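Trainee: Residue numbers (full-length UniProt numbering): 1 to 154. Just so it is clear, CB atoms sit at the ideal spot from N, CA and C, and this is done for glycine as well. Just so we're clear, the structure is a prediction, and the values are computed from it rather than from any experiment.
#1: Can you give the Cα-Cα distance for residue 94 and residue 1, rounded to whole angstroms?
#2: Is residue 85 a contact residue of the ligand SAM, with contact defined as CB to any heavy atom under 7 Å?
#3: Runs of 3 residues minimum, wholly inside the region 76 to 154: which ones carry the beta strand (DSSP E) assignment?
#4: Please determine if the region 102 to 110 and the region 132 to 147 are in contact, where contact requires at least 3 C-beta pairs separated by less than 8 Å.
#5: Which stretch, first to last residue, makes up the alpha helix (DSSP H) that contains residue 14?
#6: With distance defined between alpha-carbon atoms, name the residue in 123, 38 and 14 nearest to residue 29.
#7: Roughly how many angstroms separate the alpha carbons of residue 10 and residue 86, rounded to a whole number?
#8: Is it buried or exposed for residue 133, if we count other Cβ within 10 angstroms and need 16 for buried?
#9: Could you spell out the range, first to last residue, of the beta strand (DSSP E) harbouring residue 42?
#10: In terms of alpha-carbon separation, which member of 24, 120 and 101 lies closest to residue 73?
#11: Can you give the Cα-Cα distance for residue 90 and residue 7, rounded to whole angstroms?
#12: Quick check on the DSSP output: the beta strand (DSSP E) that includes residue 72 runs from which residue to which?
#13: For residue 162, I'd like the list of residues in its chain whose CB is within less than 7 Å of its CB, leaving aside the five on either flank, ordered along the chain.
#14: Check whether the Cβ atoms of residue 78 and residue 96 lie closer than 8 Å to each other.
#15: Measure the C-alpha to C-alpha separation of residue 66 and residue 88 and round it to an integer number of angstroms.
#16: Got a sec, what are the start and stop residues for the beta strand (DSSP E) residue 4 sits in?
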């Protein structure tokens, strides 16, 4: 099992951060175009899921109302995991097919890494690409420490 890559988007579709670990095939387009394509696909899937769901998409969790629905999808080659915060930050991680639900991992990346090292850092301007080397290194260390991250993959 392994992690291929990770995207962090703001509520407007700006890619705030991108990392990759074991990505064997590139998209063949500029990274900015790839980010737009990914965000557009996420926007469309979320819209489709909310419109086609036979049940209300809101659920209570830990005393808070949150919108559920689209959490992941998989192809024959990879699995895309999705987490959206109430503020509209979207965390997307692509893994291989053997990785189960990782909502808690994506939440940790958002709350313990992004919020603590970027949002609360007055030197990091919000709404722009994350330039913090501390965030990058802590994210890399955290992802590499995950039980489903394999150093041999790739």
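Mentor: From the atom records:
#1: One-based indexing of the chain shown puts residue 94 at position 94. One-based indexing of the chain shown puts residue 1 at position 1. So the two alpha carbons sit approximately 11 Å from each other.
#2: You won't find the ligand SAM in this model; it holds no ligand whatsoever.
#3: 79 to 84 and 90 to 95
#4: yes
#5: The count along the chain shown starts at 1 and reaches residue 14 at position 14. Segment: none, residue 14 is in no alpha helix (DSSP H) and carries neither H nor E.
#6: Here the question's residue 29 lines up with position 29 in the chain shown. The shortest Cα separation from residue 29 among 123, 38 and 14 belongs to 38.
#7: The count along the chain shown starts at 1 and reaches residue 10 at position 10. The count along the chain shown starts at 1 and reaches residue 86 at position 86. Going from the Cα of residue 10 to the Cα of residue 86 covers about 11 Å.
#8: On the chain shown, position 133 is the one that residue 133 refers to. Exposed, because fewer than 16 other Cβ atoms sit within 10 Å of the Cβ of residue 133.
#9: Taking the chain shown and counting its residues from 1, one reaches residue 42 at position 42. Residue 42 -> not in any beta strand (DSSP E); alpha helix (DSSP H) instead, spanning 31 to 52.
#10: Within the chain shown, residue 73 is the residue found at index 73, counting from 1. Comparing Cα-Cα distances from residue 73 to each of 24, 120 and 101, the minimum goes to 101.
#11: On the chain shown, residue 90 is found 90 positions in, with the first residue counted as 1. On the chain shown, residue 7 is found 7 positions in, with the first residue counted as 1. Each residue's Cα considered, the two are about 8 Å apart.
#12: Along the chain shown, read from residue 1 onward, the residue named residue 72 stands at position 72. Its beta strand (DSSP E) spans residues 72 to 74.
#13: In the structure displayed, the chain extends from 1 to 154; residue 162 sits before or after that span and is not available.
#14: Here the question's residue 78 lines up with position 78 in the chain shown. Here the question's residue 96 lines up with position 96 in the chain shown. The answer is yes: Cβ separation under 8 Å.
#15: Position 66 of the chain shown, counted from the first residue, corresponds to residue 66. Position 88 of the chain shown, counted from the first residue, corresponds to residue 88. Confidence is the limiting factor: at residue 66 the pLDDT is only 47, short of 50, which leaves the residue's position unreliable, though a coordinate-based value still follows. One C-alpha to the other measures close to 12 Å.
#16: Working through the chain shown from its first residue, we reach residue 4 at position 4. Where residue 4 is concerned, the enclosing beta strand (DSSP E) stretches over 3 to 9.
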